[in-house]
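All remarks here apply to the structure that follows.
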Amino acid sequence: MTKWTLAGMLLAAATTAWAESFPATLQWSQRVELSPRVSGIVREVGVNAGDRVQKGRSLLTLDAAPYQARVAESRAAVARFTEETAEARRDLARTQELYDRTVISTSELDQAKLRQARAKTQLDGAQARLARERQDLTDSALRAPFDAVVVARLAEPGQNVAVGLQPQPLLVLAKAGEMAARFKVSADRIGSLKAGQAVSVLVGQQEFPAILKYPGLEPVADKSGSVYEVEAVFAAKELMRAGMAATVRLP
47 MTKWTLAGML LAAATTAWAE SFPATLQWSQ RVELSPRVSG IVREVGVNAG
97 DRVQKGRSLL TLDAAPYQAR VAESRAAVAR FTEETAEARR DLARTQELYD
147 RTVISTSELD QAKLRQARAK TQLDGAQARL ARERQDLTDS ALRAPFDAVV
197 VARLAEPGQN VAVGLQPQPL LVLAKAGEMA ARFKVSADRI GSLKAGQAVS
247 VLVGQQEFPA ILKYPGLEPV ADKSGSVYEV EAVFAAKELM RAGMAATVRL
297 P
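Numbering follows this note's numbering, in which position 175 of the sequence shown is assigned residue number 221; successive positions increment by one, without gaps.
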């Protein structure tokens with residue numbers, strides 16, 4: 047049983063006993079601004095504002111050629127240091143055998159151990175660089191973190207993107223199929239509200255079963271004094287817009 051099915055059942059049981067109604071404003075239940083983790087030139091933007099996208103879909107790609115080249119270089123370095131580490135390991139085994147037969151000195155054995163340790167360190171470093179370059183290549187594309195609606199497209203092919211202290215948002219997404227109605231209640235009323243409580247949201251002529259997401263913990267300024275903000279989240283199959291007027295009904 048989904049949370050929306052449960053909310054619908056509770057709503058049906060309480061439709062004749064609504065105690066209060068509050069004016070509300072629709073907001074996205076989840077909104078994210080996507081920025082690349084790496085710098086580069088935008089090669090392709092595959093979506094426009096208003097498009098619905100599925101989780102994992104590629105939305106925007108940077109020119110990946112520089113990152114592909116770095117991956118190739120790091121892969122070659124790993125191969126080289128892998129061979130050198132194997133050779134150093136074989137050399138250490140031969141040196142250990144000669145040392146056990148008292149043919150060579152302790153210093154020669156120590157030098158062989160040092161060469162093997164140095165080769166292993168270089169291999170570890172090369173493998174770490176390869177992993178980092180592969181991650182940079184993956185990060186040269188922006189993908190949808192969840193099923194979403196594209197709220198804004200802020201990038202075009204050919205645009206230069208530089209990663210700095212303040213990320214440059216290129217796309218804005220909102221969670222698809224779910225909206226939040228934000229409303230305000232007095233300090234006297236906030237204590238009786240609980241997260242997960244079933245309520246109703248009226249948008250136009252449509253009524254939706256909803257669930258309180260969280261009762262506000264800090265007061266906000268309002269013309270009527272200090273009040274608390276509360277959100278009621280509900281499933282919405284059709285596209286709605288943030289900022290639309292709504293009404294939240296509490297049992």
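Cβ coordinates follow ideal geometry from the N, Cα and C atoms, glycine included.
Only a predicted model underlies this, so the values are computations on that prediction, with no experimental measurement involved.
- With the rule of 3 Cβ pairs closer than 8 Å, the region 236 to 245 does not count as touching the region 212 to 224.
- Under the three-state reduction of DSSP, K221 is assigned to strand.
- Only residues of its own chain outside the window of five on either side were considered, and among them T71, L72 have a CB closer than 7 Å to the CB of G289, listed in chain order.
- For T141, the number of other beta carbons within 10 angstroms of its own is at least 16, and it is reported as buried.
- For K283, the closest of L176, E133, Q252, T184 by C-alpha to C-alpha distance is Q252.
- Residue environment: E179 is assigned as buried (16 or more neighbouring CB atoms within 10 Å of its CB, all protein chains considered).
- For F280, the beta-bridge partners assigned by DSSP are M225, A256.
- The three-state reading of DSSP puts R77 in strand, counting E and B together.
- A direct Cα-Cα distance of roughly 10 Å separates A132 from L169.
- Taking the Cα positions, S153 is about 16 Å away from A134.
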